[in-house]
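Below: one structure, written as structure tokens.
There are 2 protein chains.
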Amino acid sequence: MTLHPADESFANHLRSLLPAEVLRPVEPRYLSEPRGRWTGQAGVLALPRSTEEVARLIRAAGTKRVPVLPYGGGTGLVGGQVMPEGPAPLLISLERMNRIRGIYPQENVVVAEAGCILADVQSAAGDAGRLFPLSLASEGSCRIGGNLATNAGGVGVLRYGNARDLCLGLEAVLPNGEIWSGLTRLRKDNTGYDLRNLLIGSEGTLGIITAAALKLFPQPGSQGTALLTVRDPQAALDLLALARGQVGEGVSAFELIHRQSFDFLAETLPHLRQPLDPVPEWSVLVELGLSGGLDAVTALEALFEAAVEAELVIDGVVAQSEAQRGALWSLREHIPEANRRIGSISSHDVSLPLSELPAFIQRGQEAVSAMGPFRINCFGHLGDGNLHYNLFPPKGRDRSDYAVQATELKRLVHDLVHDFGGSVSAEHGIGRFKTGDLQRYGDPAKLAAMRAIKTALDPAGIMNPGAVLA
Amino acid sequence: MTLHPADESFANHLRSLLPAEVLRPVEPRYLSEPRGRWTGQAGVLALPRSTEEVARLIRAAGTKRVPVLPYGGGTGLVGGQVMPEGPAPLLISLERMNRIRGIYPQENVVVAEAGCILADVQSAAGDAGRLFPLSLASEGSCRIGGNLATNAGGVGVLRYGNARDLCLGLEAVLPNGEIWSGLTRLRKDNTGYDLRNLLIGSEGTLGIITAAALKLFPQPGSQGTALLTVRDPQAALDLLALARGQVGEGVSAFELIHRQSFDFLAETLPHLRQPLDPVPEWSVLVELGLSGGLDAVTALEALFEAAVEAELVIDGVVAQSEAQRGALWSLREHIPEANRRIGSISSHDVSLPLSELPAFIQRGQEAVSAMGPFRINCFGHLGDGNLHYNLFPPKGRDRSDYAVQATELKRLVHDLVHDFGGSVSAEHGIGRFKTGDLQRYGDPAKLAAMRAIKTALDPAGIMNPGAVLA
């Protein structure tokens with residue numbers, strides 16, 4: 023179906039339907055994205071203040087066949103939030119719908135509007151003595167609606183699940199402009215198809231999330247963090263099993279870091295102190311959050327000792343203060359920035375079945391080496407089987423020298439991931455960047471079902487066209 | 023679209039496509055259901071041995087426009103597994119697809135075929151030193167495919183989630199006969215719409231689940247159980263918060279029991295010893311499962327003491343042995359049987375926002391009393407906000423005397439639940455029993471989306487017609 027651009031005549035149409043202050047000039051920040059890969063087209067920007075205003079905008083877009091681009095914090099890494107081609111979109115930013123509608127500590131529930139910044143949801147939970155465990159690098163600027171639309175992951179998934187797992191109910195405007203009031207605070211509700219999970223992760227192609235009821239958790243009584251040098255990736259997995267054997271679900275994070283990360287940090291961010299000398303080939307950042315009067319530092323020291331005994335761990339440091347904990351986490355959190363400064367040829371957000379990880383890492387290394395003297399920075403959420411597997415030029419060379427190989431390298435990594443039963447998008451989504459990968463690696467029956475669902479719910483194709491299903 | 027019955031000519035058609043032994047005579051057990059409310063029509067019974075055979079059956083049904091009734095363990099309580107009206111169905115029982123395809127202790131994953139009995143999945147996990155936490159009364163005969171198709175709940179939901187939360191990947195045959203190979207063991211996979219959760223809970227109306235990759239958990243090092251008398255339902259909620267403050271996610275189960283349950287147990291199953299005298303008005307069965315060297319009995323005794331101090335708990339017993347734990351759980355598990363022997367007028371599987379539970383219980387009592395001297399047995403998964411709220415005739419009278427009031431009582435309870443923001447089907451699903459409720463209480467935008475999805479994926483309407491969307 024032909025779509026029409028959100029032009030001045032459409033803007034005037036919207037002005038006849040909504041208060042003037044809902045429309046705003048399109049500032050450049052709405053048209054860029056963190057990877058600098060695409061520039062969006064400026065169409066019309068709307069900043070609705072209520073679900074009803076969102077619904078009116080969508081109905082108007084439907085009537086006029088204008089593409090709609092839902093906009094959260096703009097931090098997505100796969101271009102879901104910019105529309106570089108086709109008719110210019112109606113950009114709907116949820117930033118003014120940023121109210122915590124209610125917090126229910128006894129229920130462990132918070133109801134937040136889609137425009138709430140993730141860190142603000144975390145703070146609201148903290149103020150009520152609870153934990154909202156979704157945690158990721160962009161938490162200071164990403165918005166909860168975007169986190170849900172992309173099913174965001176991050177460092178807390180191992181223990182608490184991804185954005186999907188943290189959501190009890192949704193309010194959303196569907197592509198036909200109808201408001202779905204599904205903002206339930208219920209833990210159990212088996213009344214029909216799971217529209218909530220269908221919208222979560224659909225990247226704005228099946229509707230706009232306007233608010234969510236989210237799960238909260240007890241705050242662990244004691245938290246502790248350690249950086250442990252492991253023999254190899256297999257030892258890291260064995261260490262995870264050992265840790266779980268000792269403290270069960272108390273393992274809150276389990277992040278793998280390759281030496282390349284530390285080298286890049288030393289090169290680009292030398293002020294960050296690195297605690298281990300010599301720099302280990304493989305290490306893991308382990309976080310425990312314990313209750314029941316257990317002390318996390320003591321538990322980490324016991325784990326350290328047992329892991330050395332079992333010849334899994336060679337060296338390590340257990341943070342003895344909040345400052346030390348912060349410093350360890352700061353190393354982990356600065357890896358993406360160090361990567362950015364070095365400049366990757368190709369970056370991959372992949373997941374593997376846990377037990378296949380060591381073989382994948384080994385095979386990947388061999389295959390990439392065969393292509394050239396590239397540097398591999400392999401790090402990430404090992405406990406979830408989720409690696410950020412990024413390829414860099416040899417030292418002294420620039421990524422731009424390898425533009426030709428980039429596609430080939432990406433294909434090589436993704437083929438290998440697929441062969442191992444993995445996913446080529448673990449936590450970042452498809453957006454516009456991976457639509458080709460989805461077609462290549464996706465299950466044909468699932469892809470056909472996705473297309474049928476998209477057509478059924480959005481027959482005119484107005485919602486984020488070009489994303490997910492290009 | 024007109025459907026045709028699965029008659030002898032259709033059976034002959036299937037015989038031309040599949041080995042003769044796939045078809046079996048329809049035994050009566052396939053046509054009854056636990057509540058004795060409906061009797062299914064005998065059509066043709068197929069017992070496929072592979073996903074490919076399931077696909078061939080579905081394709082044949084699609085070609086001949088024959089309704090398909092997926093069949094698991096037959097334990098569902100809302101009539102999703104019997105087709106009393108319309109053209110007689112092709113009944114596809116998954117019972118021969120009962121293989122554990124793989125178990126991956128290091129990944130905490132088991133891959134099971136849909137026909138595996140739930141208890142067998144639990145055993146397989148246990149043999150590998152892991153826990154598969156889905157646990158419900160019918161676990162000895164229900165099958166994992168049915169558990170997923172209905173998004174089953176049970177006593178472990180508070181800590182581990184319902185069937186939906188325990189599933190990583192699915193293999194299924196879609197209504198067009200295509201096999202979706204989505205049997206991933208990945209913890210993170212953001213590649214397109216969430217077809218998995220769409221099928222889970224769709225009660226066989228969008229496809230047949232043939233296998234699932236399921237999450238396993240560490241076995242808690244120490245488990246303990248207590249039966250504690252609480253002041254009232256509000257005190258029960260406060261006790262839950264207290265317990266979570268002390269042991270975090272270590273609270274594995276939190277079941278509310280009203281005195282009526284104990285009275286029914288004493289009347290119908292007098293051999294079950296009741297530990298509390300006098301029988302308390304309200305009590306809770308608390309289970310803790312702790313790791314990190316903590317002792318659950320010690321933790322329960324500390325909780326008991328603190329709860330008495332806080333005037334939440336009046337009396338109680340902490341099980342001091344596995345036998346005592348079993349005896350406490352046996353009381354809880356026999357409540358449905360006691361109810362069955364007494365004979366309810368109307369039974370309700372409802373959920374409420376946790377903080378609304380006390381007010382709901384109070385208002386429900388008042389409203390039901392105003393209708394007559396009915397006995398209310400209110401019990402269930404308090405930690406999930408899920409009550410089994412069942413109404414019984416006055417002592418000495420029979421349910422059959424109240425057939426006329428049954429509809430009115432059900433309506434009264436469900437209206438009240440809806441007013442409190444609750445759900446009229448917490449864990450049992452819609453089936454054929456609650457299609458009217460879904461229409462009455464369901465969100466119109468969601469219902470329209472559900473119909474659009476159903477039509478998109480199953481245009482001929484062959485999959486379990488009459489269930490969910492009547």
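Going line by line, the protein sequences match chains H and V. Just so we're on the same page, this note's numbering is the position in the first sequence counted from 1, plus 22. Just so we're on the same page, this note's numbering is the position in the second sequence counted from 1, plus 22. Where is the CB? At the ideal position from N, CA and C, for every residue including glycine.
Candidates V:Gly405, V:Tyr411, V:Gly101 and V:Pro41: closest to V:Ala265 by CA position
Numbered from 1 along the second sequence, position 243 holds the residue referred to as residue 265 of chain V. Comparing Cα positions, the closest option is V:Gly405.
Would you tell me roughly how many angstroms separate the C-alpha atoms of H:Leu156 and H:Ser115, rounded to the nearest one?
For the purposes of this step, residue 156 of chain H is taken as the residue at position 134 of the first sequence. For the purposes of this step, residue 115 of chain H is taken as the residue at position 93 of the first sequence. Roughly 21 Å separates the two Cα atoms.
Measure the beta-carbon distance from H:Arg165 to H:Leu190 and round it to whole angstroms, keeping in mind my assumption that it falls under 8 Å.
Here the question's residue 165 of chain H lines up with position 143 in the first sequence. Here the question's residue 190 of chain H lines up with position 168 in the first sequence. The Cβ separation is near 18 Å, so there is no contact.
DSSP beta-bridge partners of V:Ile230
Position 208 of the second sequence, counted from the first residue, corresponds to residue 230 of chain V. The partner list for V:Ile230 (beta bridge, DSSP) reads V:Val195.
Where do the ends of the alpha helix (DSSP H) carrying V:Ile80 lie?
Residue 80 of chain V sits at position 58 when you count from the first residue of the second sequence. Residues Thr73 to Lys86.
Euclidean distance between Cα positions of H:Gln427 and H:Leu25
In the first sequence, the residue the question calls residue 427 of chain H occupies position 405. In the first sequence, the residue the question calls residue 25 of chain H occupies position 3. Near 36 Å, if we compare the C-alpha coordinates of H:Leu25 and H:Gln427.
Option in H:Glu303, H:Phe154, H:Glu43 and H:Ile80 with minimal Cα separation from H:Arg118
Against the first sequence, residue 118 of chain H aligns to sequence position 96. Checking every option, the nearest Cα to that of H:Arg118 belongs to H:Glu43.
What residues are listed by DSSP as bridge partners for H:Tyr126?
As a first step, residue 126 of chain H must be located in the first sequence, where it is residue number 104. In DSSP, H:Tyr126 forms a bridge with H:Val131.
Residue from V:Leu205, V:Gly223, V:Glu200 and V:Ile484 whose Cα sits closest to the Cα of V:Gly175
Taking the second sequence and counting its residues from 1, the one referred to as residue 175 of chain V is at position 153. Minimum Cα distance to V:Gly175 is reached at V:Gly223.
Chain H contact residues for V:Met472, given Cβ-Cβ distances below 9 Å
Sequence index remark: in the second sequence, residue 472 of chain V carries index 450 (1-based). The contacting residues are Gly214, Tyr215 and Leu217.
Given a threshold of 16 other Cβ atoms within 10 Å of its Cβ, counted over all protein chains shown, does V:His410 qualify as buried or as exposed?
Mapped onto the second sequence, residue 410 of chain V falls at position 388. Label assigned to V:His410: buried.
For chain H, check one thing: does any of its Cβ atoms lie closer than 9 Å to the Cβ of V:Thr247?
Position 225 of the second sequence, counting from 1, holds the residue named residue 247 of chain V. False, the Cβ-Cβ gap to chain H never drops below 9 Å.
Minimum C-alpha distance to H:Gly148 - residue among H:Ala110, H:Lys237 and H:Leu217
Position 126 of the first sequence, counted from the start, is the residue given in the question as residue 148 of chain H. For H:Gly148, the nearest C-alpha among the options comes from H:Lys237.
Could you work out which residues of chain H lie near V:Gly168, taking near to mean beta carbons separated by less than 9 Å?
Counting from 1 along the second sequence, the entry for residue 168 of chain V is found at position 146. The premise fails here: V:Gly168 is roughly 13 Å from chain H at the closest Cβ pair, so nothing lies under 9 Å.
Are three or more beta carbon pairs between the segment 474-485 of chain H and the segment 49-65 of chain V nearer than 8 Å?
Counting Cβ pairs under 8 Å, fewer than three are found: no touch.
Tell me, please, whether the CB atom of V:Thr232 is closer than 9 Å to any CB atom in chain H?
Within the second sequence, residue 232 of chain V is the residue found at index 210, counting from 1. Taking Cβ atoms only, chain H never reaches closer than 9 Å to V:Thr232, which makes this a no.
Pairwise C-alpha distance: H:Leu325 and H:Pro297:
Within the first sequence, residue 297 of chain H is the residue found at index 275, counting from 1. Within the first sequence, residue 325 of chain H is the residue found at index 303, counting from 1. Rounded to whole angstroms, H:Pro297 to H:Leu325 spans 19 Å at the Cα level.
Are the CB atoms of H:Asp337 and H:Leu262 nearer to each other than 9 Å?
The residue labelled residue 337 of chain H in the question sits at position 315 within the first sequence. The residue labelled residue 262 of chain H in the question sits at position 240 within the first sequence. Contact: no.
Which partner residues does V:Ala275 have in the DSSP bridge list?
Indexing the second sequence from 1 puts residue 275 of chain V at position 253. The partner list for V:Ala275 (beta bridge, DSSP) reads V:Glu309.
What are the boundary residues of the beta strand (DSSP E) that includes V:Trp202?
For this step, residue 202 of chain V is matched to residue 180 along the second sequence. Note, V:Trp202: beta strand (DSSP E), Ile201 to Gly204.
Taking a cut of 8 Å between CB atoms, which residues from the segment 422-454 of chain H lie near chain V?
Gly443, Gly444, Ser445, Val446, Ser447, Ala448, Glu449, His450, Gly451 and Ile452
Cβ-based neighbour list, H:Arg421, same chain, cut-off 7 Å, excluding 5 preceding and 5 following:
Working through the first sequence from its first residue, we reach residue 421 of chain H at position 399. Closer than 7 Å at Cβ, skipping near neighbours: Gly365, Ser366, Ile367 and Pro415.
For H:Asp423 and H:Asn399, I'd like the C-alpha separation in whole angstroms.
Against the first sequence, residue 423 of chain H aligns to sequence position 401. Against the first sequence, residue 399 of chain H aligns to sequence position 377. The alpha-carbon atoms of H:Asp423 and H:Asn399 are separated by roughly 18 Å.
Rounded to whole angstroms, what's the CA-CA distance from H:Ala489 to H:Leu39? Just pull it up for me.
Numbered from 1 along the first sequence, position 467 holds the residue referred to as residue 489 of chain H. Numbered from 1 along the first sequence, position 17 holds the residue referred to as residue 39 of chain H. H:Ala489 and H:Leu39: Cα-Cα distance of roughly 28 Å.
Sort V:Pro41, V:Asn173 and V:Ile383 by Cα distance to V:Asp254 and report the nearest one.
By one-based count along the second sequence, residue 254 of chain V stands at place 232. Ranking the options by Cα distance to V:Asp254, first place goes to V:Ile383.
Identity of the residue in H:Phe396, H:Gly386 and H:Gln245 nearest H:Phe442 by Cα:
On the first sequence, residue 442 of chain H is found 420 positions in, with the first residue counted as 1. H:Phe442 has its Cα closest to that of H:Gly386, out of H:Phe396, H:Gly386 and H:Gln245.
Name, in chain order, the residues that DSSP records as bridge partners for H:Trp304.
Within the first sequence, the letter at position 282 stands for residue 304 of chain H. Its beta-bridge partners are H:Val252 and H:His280.
If you compare alpha carbons, which of V:Asp187, V:Gln268, V:Leu196 and V:Glu277 is closest to V:Ala235?
On the second sequence, residue 235 of chain V is found 213 positions in, with the first residue counted as 1. Closest by alpha carbon: V:Asp187.
Which residues in the same chain have their Cβ closer than 8 Å to the Cβ of H:Thr61, if we skip the five residues on either side of it in sequence?
Here residue 61 of chain H refers to the residue found at position 39 of the first sequence. Excluding sequence neighbours, H:Thr61 sits near Leu53, Ser54, Val104 and Pro106.
Could you check where the alpha helix (DSSP H) with H:Leu413 kicks off and where it finishes?
Here residue 413 of chain H refers to the residue found at position 391 when the first sequence is read from its first residue. Per DSSP, H:Leu413 belongs to no alpha helix (DSSP H); it is in the beta strand (DSSP E), Asn408 to Phe414.
Spatial distance of H:Glu75 from H:Pro89 (CA atoms)
Taking the first sequence and counting its residues from 1, the one referred to as residue 75 of chain H is at position 53. Taking the first sequence and counting its residues from 1, the one referred to as residue 89 of chain H is at position 67. H:Glu75 and H:Pro89: Cα-Cα distance of roughly 17 Å.
Going by CA-CA distance only, name the one from H:Thr457, H:Arg78, H:Pro111 and H:Gly95 that's closest to H:Asn29.
Within the first sequence, numbered from 1, the residue matching residue 29 of chain H stands at position 7. First, the residue type needs correcting, since residue 29 of chain H is Asp and not Asn in the sequence shown. The option with the nearest alpha carbon to H:Asp29 is H:Pro111.
For V:Asn408, go through chain H and note every residue whose CB falls closer than 8 Å to its CB, in chain order.
Taking the second sequence and counting its residues from 1, the one referred to as residue 408 of chain V is at position 386. Residues of chain H passing the Cβ test: Arg209 and Lys210.
With a threshold of 9 Å between beta carbons, is H:Ala263 in contact with chain V?
Here residue 263 of chain H refers to the residue found at position 241 of the first sequence. For H:Ala263, the answer is yes, since a Cβ of chain V falls inside 9 Å of its Cβ.
Return no unless some Cβ of chain H is closer than 9 Å to the Cβ of V:Gly314.
Locating residue 314 of chain V in the second sequence gives position 292, counting from the first residue. With 9 Å as the cut-off, V:Gly314 counts as an interface residue toward chain H.
For the alpha helix (DSSP H) containing H:Ser38, list its first residue and its last residue.
Within the first sequence, residue 38 of chain H is the residue found at index 16, counting from 1. Run containing H:Ser38: Glu30 to Leu39, per the alpha helix (DSSP H) assignment.
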